[in-house]
């Protein structure tokens, strides 16, 4: 897996000085409990040495891998990290999920020392925000770019998925030598592979799976000619087997695919086709969206010379990343956090928690901080109706709890079964009291609400800091 292009690069004095200052910032950030040093050190280092990201990534012997897309970046990156680490590689990753360039630099700062400013690891595995792709690939020369999917997300930032796709495309075009790993079932993502020499696709090939009727689909237009797409099979949102009858654009044939899929409340099993081999996949994760993440990791690590069977064996014991199916025990009750940030992801989580013995109550948390997206009108594109059937009580919390309660009313949830409590930790305590010891409390939460809940649970000794 060696790539000599990344060896023997010189670190400038300016970058060394930036590292020194950034390391102090990281130390005090953690000492004063201002976070895990996931962003501020990188921001400072970039200001002091604008080329620091380029200089440090160029020294990595196995180069850099970028994972981007609307949903699944963190889980897919973790899966790849586990697989590559099992092969004996030292992996540098922005584990805290800070995915702007400052987050990438912060990870490099943490890995480097002033005695030897080169990162200690063999390979960098960065999840990158979609809007940051042009800046990231202007500074980093990735050997591989993985794109998970493109959905409606953060309306105040992206507007629509065409804007998101355009930003990712610009980033890809600046990395002509990178191999691409793309979701064949997402027409927006699949179109990114046109006219590229090195592209690997992954997807599903299971006739038993089909999407329930959703209130909205992100796009059904052909990304090439904008005509309506015909779907032979749709798994969820606009993911499926598609074709355009006007221009001939069709779903590409995936190298890595899954069939015989079985989804449980806390497990996934499937038969994975990798070329001419059929391999078993067994995972303790749940949800069809996580099956896509696992397939993406297998496809990407195969490009990095990892045998798919070895990858699947490693992923059998994978635990979910923080805030995403993360479990904890509070007052003898088990809680599960589900991160939701856009209509498609929210619908998938609702499908997942409503399909099993859901329990008497659930906690829904909606914030409108910049990291969440300040425009929360997207909740009107979420189908909340299954929650009214599955749960007797819904507790809503966060900065926009009132709007969420109103949305539930229009989804058919009787208001006497909705409790509005804007304070997140108070809402959590109330929800726990409504759940029997044998039941599970499902928490569906946006990003900053999840961080606030985790911080409260850390203070109570229930969870560890995500960066530890």
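In the working numbering, the protein residues as written are 127 to 594.
Where a beta carbon is used, it is the ideal one built from N, C-alpha and C, also for glycine.
How big is the Cα-Cα spacing for residue 341 and residue 470?
For residue 341, the predicted structure reports a pLDDT of 49, less than 50, and the residue's modelled location is therefore unreliable. A value from the coordinates is still provided. Going from the Cα of residue 341 to the Cα of residue 470 covers about 10 Å.
Of the listed residues 207, 225, 146 and 170, nearest to residue 497 (C-alpha basis):
225
contact_flag[the segment 546-554, the segment 444-454] where n(CB pairs < 8 Å) is 3 or more
Too few Cβ pairs lie closer than 8 Å, so no.
Please name the residue, chosen from 472, 198, 196 and 187, that lies closest to residue 598 on a Cα-to-Cα basis.
With the chain represented from 127 up to 594, any question about residue 598 goes unanswered, as that position is not in the structure.
Given residue 459, which residues of its chain have a CB within under 7 Å of its CB, disregarding the five upstream and five downstream residues?
558, 561, 563 and 567
DSSP three-state label for residue 341, please.
In this prediction, residue 341 has a pLDDT of 49, which is less than 50 and means its spatial position is unreliable; what the coordinates show is noted afterwards. In the structure shown, residue 341 sits in coil (DSSP, three-state: anything other than H, G, I, E or B).
Kindly identify the DSSP beta-bridge partner or partners of residue 452.
463
Can you grab the Cα-Cα spacing for the pair residue 581 / residue 591, in whole Å?
7 Å
Below 9 Å between beta carbons: does that hold for residue 256 and residue 294?
yes
When burial is assigned at 16 or more other CB atoms within 10 Å of the CB, is residue 370 buried or exposed?
buried
Indicate the three-state DSSP secondary structure (helix, strand or coil) for residue 226 in the structure shown.
In the displayed model, residue 226 falls within coil according to three-state DSSP, outside both helix and strand.
If the criterion is Cβ atoms closer than 9 Å, does the pair residue 526 and residue 493 meet it?
yes
For residue 291, I'd like the list of residues in its chain whose CB is within less than 6 Å of its CB, leaving aside the five on either flank, ordered along the chain.
276 and 314
In its own chain, which residues sit with a C-beta less than 6 Å from the C-beta of residue 608, not counting the 5 before and 5 after it?
With the chain covering only 127 through 594, there is no way to say anything about residue 608.
Measure the alpha-carbon distance for residue 199 versus residue 450 and round it to whole angstroms.
11 Å
For residue 348, is the classification buried or exposed, using 16 other Cβ atoms within 10 angstroms of its Cβ as the cut-off for buried?
Looking at its Cβ environment, which holds 16 or more other Cβ atoms inside 10 Å, residue 348 is buried.
Neighbourhood of residue 372 by C-beta, 6 Å cutoff - its chain only, sequence neighbours within 5 removed
Cβ within range, chain order: 351 and 353.
Counting only beta-carbon atoms, is residue 152 nearer than 9 Å to chain C?
Judged by its chain identifiers, the structure shown contains no chain C, having just a single protein chain.
Taking all protein chains shown into account, decide if residue 540 is buried (16 or more other Cβ within 10 angstroms of its Cβ) or exposed.
exposed
DSSP puts residue 252 in a beta bridge; with which residues?
192
Residue span of the alpha helix (DSSP H) that contains residue 298, given as start and end
Per DSSP, residue 298 belongs to the alpha helix (DSSP H) from 287-299.
Can you check whether the CB of residue 230 is closer than 9 Å to the CB of residue 168?
Contact: yes.
Where does the unbroken beta strand (DSSP E) through residue 582 begin, and where does it stop?
Here residue 582 belongs to no beta strand (DSSP E); instead the alpha helix (DSSP H) covers 573-585.
State buried or exposed for residue 176, treating a residue as buried only when at least 16 other CB atoms are found within 10 Å of its CB.
exposed
The beta strand (DSSP E) that contains residue 328, what's its start and end?
325-330
Nearest-angstrom beta carbon gap, residue 398 and residue 307 [assumed within contact, 8 Å]
That pair is no contact at about 15 Å.
Classify residue 232 as helix, strand or coil using the three-state DSSP reduction.
helix
In terms of alpha-carbon separation, which member of 391, 209 and 420 lies closest to residue 382?
420
Exposure of residue 610, with buried meaning 16 or more beta-carbon neighbours within 10 Å:
Residue 610 lies beyond the residue range present for the chain, which begins at 127 and ends at 594; the question has no answer from this structure.
Is it true that the CB of residue 407 sits closer than 9 Å to the CB of residue 414?
no
Should the segment 195-211 be regarded as contacting the segment 422-440, the criterion being three or more beta carbon pairs within less than 8 Å?
yes
For the beta strand (DSSP E) that residue 366 lies in, which residues bound it at each end?
That run of the beta strand (DSSP E) goes 365-369.
Is residue 274 closer than 9 Å to residue 309 when the C-beta atoms are compared?
A distance below 9 Å separates the beta carbons of residue 309 and residue 274.
Tell me which residue opens and which closes the alpha helix (DSSP H) that residue 591 is part of.
Neither: residue 591 is in no alpha helix (DSSP H) and is coded neither H nor E.
Nearest-angstrom Cα distance between residue 228 and residue 259?
13 Å
What would DSSP say about residue 382, mapped onto helix, strand or coil?
strand
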